[in-house]
Every structure is written in structure tokens, then in C-alpha cells.
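Peer 1: Going by numbering that gives the first Met the number 0, the final residue of the sequence shown carries number 373, and the count climbs one at a time with no gaps. Note that the Cβ used here is the ideal one computed from N, Cα and C, for glycine as well. On a predicted model such as this, the values are computed, not experimentally measured, just so you know.
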Amino acid sequence: MNQPIVTIILLEMLFVNLLIAFICSKKKYSSLITWLSFFVFTLFFMALYSIVFSFVPFHGSGNGNGFLMITGFLYIIPFYFLFNQTIRYTLIIMGTSWIYTLGVFILSFRIVYIFPEHLIQPITLISQTLIYLVTLPVLLSFVQRKFLFILKNIENNMMNTLLALSMLWFFLLYFINYTFVEGYSIILELIIILLIAGNAILSYTLFYSLISINKTAKTLGEQTKIDSLTKLKNREGLYEDTFQSIENQEPFTIIFIDLDDFKSVNDTYGHKVGDAYLRDFANYIKKEFQEIIGFYRMSGDEFVIFCDSKDHNKVISRLINIQIPMTLSKVPFRGISTGYSLFPHDGKQLSDLLHKADVKMYQIKKLKHKIIPN
Numbered sequence: 000m001n002q003p004i005v006t007i008i009l010l011e012m013l014f015v016n017l018l019i020a021f022i023c024s025k026k027k028y029s030s031l032i033t034w035l036s037f038f039v040f041t042l043f044f045m046a047l048y049s050i051v052f053s054f055v056p057f058h059g060s061g062n063g064n065g066f067l068m069i070t071g072f073l074y075i076i077p078f079y080f081l082f083n084q085t086i087r088y089t090l091i092i093m094g095t096s097w098i099y100t101l102g103v104f105i106l107s108f109r110i111v112y113i114f115p116e117h118l119i120q121p122i123t124l125i126s127q128t129l130i131y132l133v134t135l136p137v138l139l140s141f142v143q144r145k146f147l148f149i150l151k152n153i154e155n156n157m158m159n160t161l162l163a164l165s166m167l168w169f170f171l172l173y174f175i176n177y178t179f180v181e182g183y184s185i186i187l188e189l190i191i192i193l194l195i196a197g198n199a200i201l202s203y204t205l206f207y208s209l210i211s212i213n214k215t216a217k218t219l220g221e222q223t224k225i226d227s228l229t230k231l232k233n234r235e236g237l238y239e240d241t242f243q244s245i246e247n248q249e250p251f252t253i254i255f256i257d258l259d260d261f262k263s264v265n266d267t268y269g270h271k272v273g274d275a276y277l278r279d280f281a282n283y284i285k286k287e288f289q290e291i292i293g294f295y296r297m298s299g300d301e302f303v304i305f306c307d308s309k310d311h312n313k314v315i316s317r318l319i320n321i322q323i324p325m326t327l328s329k330v331p332f333r334g335i336s337t338g339y340s341l342f343p344h345d346g347k348q349l350s351d352l353l354h355k356a357d358v359k360m361y362q363i364k365k366l367k368h369k370i371i372p373n
């Protein structure tokens, strides 16, 4: 065993692990103090390692079986004092980075078997260094863009699953490598099978949790686009539905609708009847106007129809002469006022189209109330 080369291999792995942990952890002190503390602990650790191994020679240490890497988890001691985070949080970071460095080591150690035996350790060091140079920038980019996001936003119960998963993956890699180096063993085979089973179960558990969260978020997202009274889509739903047509420059028509004399319905019969009046109107349009693309409640007694440009004349003609049986409110229907705008002729943005349609609707409403003389 070439002890200096083994030490360099281990120190290189250790540096990568500490670098990832440093990036991910919540620091209590300056970078200088943190790295000086790592350095001092490493000197102490190496001295202790030399003493222990001189009295208790562990079988296979330094032959590539990965045993020495297990001792790296002792760094949880300085982590505890240097970082403002739970041990669980620290173990997730350590487990994740240790998976990477152990994987690089296993790959490096497998590569060198084509070389003479006396070159295995120096070639392992060279291979490991080259793999780090190629892959470490990619990993650090992943850590900063995605892994940190996971750590900052993960739910408490999912954190336990992630911790268990990272530890299982690490020990699975460790025992697979140990089997490669030390040879076949029934016990090791059983351990590996159990670890694979545990990884599979936890992976599906985590996947289930993610799907559940995504489904809940999707449901909540859909609810924000629905008007609670009429069950029509609201303004946000209209913007979402027209987005693709605007992007693709596909012509369409926006018809703005205002219920005539709705204020007097509320004032005369009360808001409960007024709400029923709105639901009667919404239900009738949904049922009878199948040719429209979408129907939306904007606010109060204001509604919008989204339809194909070639259908808008027919739709508007039907709306002008509309008579609705008011089954819920029992209040005679009092009519509507409408205005429309065409995309892209009247505007390139939905806000412009809505404004133009609203202006036209208001002009018609004034004419109906004889505010503007004919």
C-alpha cells in the first residue's frame, strides 16, 4: 500500500465533500473560520487515524474497498458547531455528496484494472482527479440551481424520506464496491438485496409524495381560476384560455356582457336573490350557447364570452334577443348590454380587447337608457 497516494486520494474526496457541504450549509461563521476549522479537524483526524491504524490494522484498508470513507461521517462533529442547522439536514447533505465522491472513487478504481497492479493506486488518483475536473462543475451547478432549492422548500416529512434515501444509496454503493474488492459473500449479497429493496420502496414513497403535492397544487390552482358563485372561470381563467390564441395570432372575438338593471334586483329582492339571478344567467348561457369557446364571470354582473371570430355575429344576434327563464331567482329577466372586440383588429393584448369591448358595451347601455339622444 502506497500510503501517501492513498492519503491524497482520501483528501481529494474529503475536499469535494466539504466543498459541497460548505455551499449547502447555513453558516454561523466566516468562510475563513469555517475552512480553518475544517483544516484543524482534518489534522487531528489524520493523526488519530494514524495512531489507531498502527495499533489496530484493519483488513483491506487502502485496497479500494471504501472502508476509510465511512470514517468521513465523523465530520458531523465540526458541522454541528460550524453550521446553524439540524443533524438531519447535515446528514442529507453529507449523504448526497458522499454518494457522488464514492461513485467517482468506484469508477476510478475500476478503470485502473487494465494497468499493472503496482500502478493501481497512482492511476486511481489520476483517474479520480480527471473525473472530478469534468463532472464537479456540473454537480456544483446542480447543487446551486436545484439541490439547494430542494433543501429550502422540502416538507418536514419528506425530509425524513430524503435522508433515508440518501443514506441507503450511499451504503448500497459502499457494499457493492466492497463486494467487488473483497469477493462474493452470502451476507453481503443479502445486505445489497435489502438495500436495493429499501431504495425502491423509498423512491416510490417519495414519488408518491411529489405526485400528491403536485395534484394538490394543481387543484388549488384550478380553484383560483373558478368563480365560486357561478362556477364559471374568472378573469385569470380568461387570460389563460386566450393566451395560446394570442401567441399563435389566431383571430377570436371577446364579447363583454353587463346585466341590465341588476342593482335594482339586489336592492329590491336582496343579495341572496341577486346571487340566484346571476346563477340563472350563467347556467342558461352555458347550456344554450354551445358554439362559444369559453364563458367567464369578470366581477359583479359583468361577464365575457370568448368565441371564434366567424361565430361572433350569430352569438351577438342571439344575445340581443335573449329571454331567460329565471328558475332560481323567480325574478323576470331584465336583459343585457353587450360590446365586442376582435383580435387582432382591435388590439394585440387581452387588456386592450377587454377595454374596447367594455367601451362599446357602455355606449350601448347609455343608448338603451336614452342618456345619448338617437
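From the DSSP output, which residues share a beta bridge with G293?
Peer 2: One-based indexing of the sequence shown puts residue 293 at position 294. Per DSSP, F305.
Peer 1: Excluding the 5 residues preceding and the 5 following I191 in the sequence, name in chain order all residues of the same chain whose CB lies nearer than 8 Å to its CB.
Peer 2: Translated into positions along the sequence shown, residue 191 becomes position 192. For I191, where only same-chain residues beyond five positions count, the Cβ hits under 8 Å are L171, F174, I175 and T178.
Peer 1: If you draw a straight line from the alpha carbon of I370 to that of L341, how long is it in whole angstroms?
Peer 2: By 1-based counting over the sequence shown, the position of residue 370 is 371. By 1-based counting over the sequence shown, the position of residue 341 is 342. Interpretation of I370 is limited by its pLDDT of 49, a score under 50 that renders its predicted location unreliable; the figure taken from the coordinates is listed afterwards. Rounded to whole angstroms, I370 to L341 spans 27 Å at the Cα level.
Peer 1: Could you check whether the Cβ of E301 sits closer than 8 Å to any Cβ belonging to chain D?
Peer 2: Annotation note: the requested chain D is absent from the structure, which comprises a single protein chain.
Peer 1: Is the stretch 254-261 touching the stretch 296-307, taking contact as three or more C-beta pairs under 8 Å?
Peer 2: Touching, yes, given that three or more Cβ pairs across the two stretches are closer than 8 Å.
Peer 1: Can you tell me where the alpha helix (DSSP H) with I315 in it begins and where it stops?
Peer 2: Along the sequence shown, one-based indexing puts residue 315 at 316. H311 to I319 is the extent of the alpha helix (DSSP H) around I315.
Peer 1: Going straight from the alpha carbon of T204 to that of K145, what length do you get?
Peer 2: The sequence position of residue 204 within the sequence shown is 205, counting from 1. The sequence position of residue 145 within the sequence shown is 146, counting from 1. Taking the straight line joining both Cα atoms gives about 20 Å.
Peer 1: Residues in the same chain with beta-carbon distance under 7 Å from L194, minus the five sequence neighbours each way, listed in chain order, please.
Peer 2: Position 195 of the sequence shown, counted from the start, is the residue given in the question as residue 194. Correct list, in chain order: L167, F170, L171 and F174.
Peer 1: Count the other CB atoms within 10 Å of the CB of G299; is the residue buried (16 or more) or exposed (fewer)?
Peer 2: Position 300 of the sequence shown, counted from the first residue, corresponds to residue 299. Under this definition G299 is an exposed residue.
Peer 1: Compare the beta carbon distance of T100 and V15 with 8 Å and say whether it is the shorter of the two.
Peer 2: Taking the sequence shown and counting its residues from 1, the one referred to as residue 100 is at position 101. Taking the sequence shown and counting its residues from 1, the one referred to as residue 15 is at position 16. Against a cut-off of 8 Å, the Cβ pair of V15 and T100 comes out as a contact.
Peer 1: In terms of residues, what are the limits of the alpha helix (DSSP H) holding Y238?
Peer 2: As a position in the sequence shown, residue 238 is number 239, starting the count at 1. Start and end: R234 to E246.
Peer 1: Determine which residues share a DSSP beta bridge with I253 and list them.
Peer 2: Residue mapping note: residue 253 aligns to position 254 of the sequence shown, counting from 1. DSSP lists F305 and S340 as partners of I253.
Peer 1: Using the three-state DSSP reduction, which class does L139 fall into: helix, strand or coil?
Peer 2: Reading the sequence shown from its first residue, position 140 is the one you call residue 139. Helix.
Peer 1: I'd like the span of the alpha helix (DSSP H) that includes S107, first residue to last.
Peer 2: Counting from 1 along the sequence shown, the entry for residue 107 is found at position 108. From DSSP, the alpha helix (DSSP H) with S107 extends over I86 to I110.
Peer 1: Cβ of L9 within 8 Å of Cβ of F44?
Peer 2: On the sequence shown, position 10 is the one that residue 9 refers to. On the sequence shown, position 45 is the one that residue 44 refers to. In this structure, F44 does not lie closer than 8 Å to L9 by Cβ.
Peer 1: Under a Cβ-count criterion, where at least 16 other Cβ atoms within 10 Å of its own Cβ denotes burial, should H381 be classed as buried or exposed?
Peer 2: The requested residue 381 is not part of the displayed model; the chain covers only 0 to 373.
Peer 1: Closest to V133 by C-alpha separation, out of I110, V103 and I119, would be which residue?
Peer 2: Working through the sequence shown from its first residue, we reach residue 133 at position 134. When only C-alpha atoms are compared, the closest one is V103.
Peer 1: Report the CB separation of G236 from Y295 in whole angstroms; it is logged as a contact under 8 Å.
Peer 2: Position 237 of the sequence shown, counted from the start, is the residue given in the question as residue 236. Position 296 of the sequence shown, counted from the start, is the residue given in the question as residue 295. Confirmed, about 6 Å.
Peer 1: Can you list, in chain order, the residues of its chain with a C-beta nearer than 7 Å to that of S36? Leave out the 5 residues immediately preceding and following it.
Peer 2: For the purposes of this step, residue 36 is taken as the residue at position 37 of the sequence shown. If we look at S36 and ignore the five residues flanking it on each side, its Cβ neighbours are P77 and L81.
Peer 1: Report the residue from S107, I110 and M158 whose alpha carbon sits nearest the alpha carbon of G94.
Peer 2: Taking the first residue of the sequence shown as 1, we reach residue 94 at position 95. Residue M158 is the option with its Cα nearest to G94.
Peer 1: Between H344 and S140, what straight-line distance do the alpha-carbon atoms span, to the nearest angstrom?
Peer 2: As a first step, residue 344 must be located in the sequence shown, where it is residue number 345. As a first step, residue 140 must be located in the sequence shown, where it is residue number 141. About 46 Å.
Peer 1: Give the single residue among D307, L201, K309 and F332 whose Cα lies nearest to the Cα of L258.
Peer 2: In the sequence shown, the residue the question calls residue 258 occupies position 259. Per the Cα distances, F332.
Peer 1: Measuring alpha carbon to alpha carbon, tell me which of A163, S49 and I50 ends up nearest R87.
Peer 2: As a first step, residue 87 must be located in the sequence shown, where it is residue number 88. Out of A163, S49 and I50, A163 has the C-alpha closest to the C-alpha of R87.
Peer 1: Which residues bound the alpha helix (DSSP H) around H270?
Peer 2: One-based indexing of the sequence shown puts residue 270 at position 271. Per DSSP, H270 belongs to the alpha helix (DSSP H) from H270 to E287.
Peer 1: Considering Cα atoms alone, identify which of V137, I186 and A199 is closest to S165.
Peer 2: As a working mapping, residue 165 is identified with position 166 in the sequence shown. With distances taken between Cα atoms, S165 lies closest to A199.
Peer 1: Hey, quick one: how far does the alpha helix (DSSP H) through F82 stretch, first residue to last?
Peer 2: The residue you call residue 82 lines up with position 83 of the sequence shown. Here F82 belongs to no alpha helix (DSSP H), and DSSP marks it neither H nor E.
Peer 1: For Q289 and D307, what's the separation of their Cα atoms in angstroms?
Peer 2: For this step, residue 289 is matched to residue 290 along the sequence shown. For this step, residue 307 is matched to residue 308 along the sequence shown. When only Cα atoms are considered, Q289 and D307 end up about 12 Å apart.
Peer 1: Tell me where the alpha helix (DSSP H) around P324 begins and ends.
Peer 2: Position 325 of the sequence shown, counting from 1, holds the residue named residue 324. No alpha helix (DSSP H) holds P324; DSSP gives it neither H nor E.
Peer 1: Which residue's Cα is closest to the Cα of N233: K224, E239 and D240?
Peer 2: By 1-based counting over the sequence shown, the position of residue 233 is 234. Comparing Cα positions, the closest option is K224.
Peer 1: Y131 to I98, Cα distance in whole Å?
Peer 2: Here the question's residue 131 lines up with position 132 in the sequence shown. Here the question's residue 98 lines up with position 99 in the sequence shown. When rounded, the distance between both Cα atoms is 13 Å.
Peer 1: Between which two residues does the alpha helix (DSSP H) containing I348 stretch?
Peer 2: Position 349 of the sequence shown, counted from the start, is the residue given in the question as residue 348. Position check: residue 348 holds Gln in this sequence, whereas Ile was assumed. First-last for Q348: undefined, no H or E at that position.
Peer 1: Would you please state the rounded distance, in angstroms, between the beta carbons of G338 and A356? I believe it to be under 8 Å.
Peer 2: Translated into the one-based positions of the sequence shown, residue 338 becomes position 339. Translated into the one-based positions of the sequence shown, residue 356 becomes position 357. G338 to A356, Cβ: 5 Å. Contact.
Peer 1: Would a C-beta distance cut-off of 8 Å place V5 and Q127 closer than the cut-off?
Peer 2: The residue given as residue 5 occupies position 6 in the sequence shown. The residue given as residue 127 occupies position 128 in the sequence shown. Not a contact, by the Cβ cut-off of 8 Å.
Peer 1: So what does L258 bridge to, in DSSP terms?
Peer 2: Here the question's residue 258 lines up with position 259 in the sequence shown. Beta-bridge pairing links L258 to I335.
Peer 1: Per DSSP, what are the beta-bridge partners of I19 in this structure?
Peer 2: By 1-based counting over the sequence shown, the position of residue 19 is 20. Answer is none; I19 lacks a bridge partner.
Peer 1: Any idea which residues DSSP pairs S298 with across the strands?
Peer 2: Walking along the sequence shown from the start, residue 298 turns up at place 299. DSSP output for S298 lists E301 as bridge partner(s).
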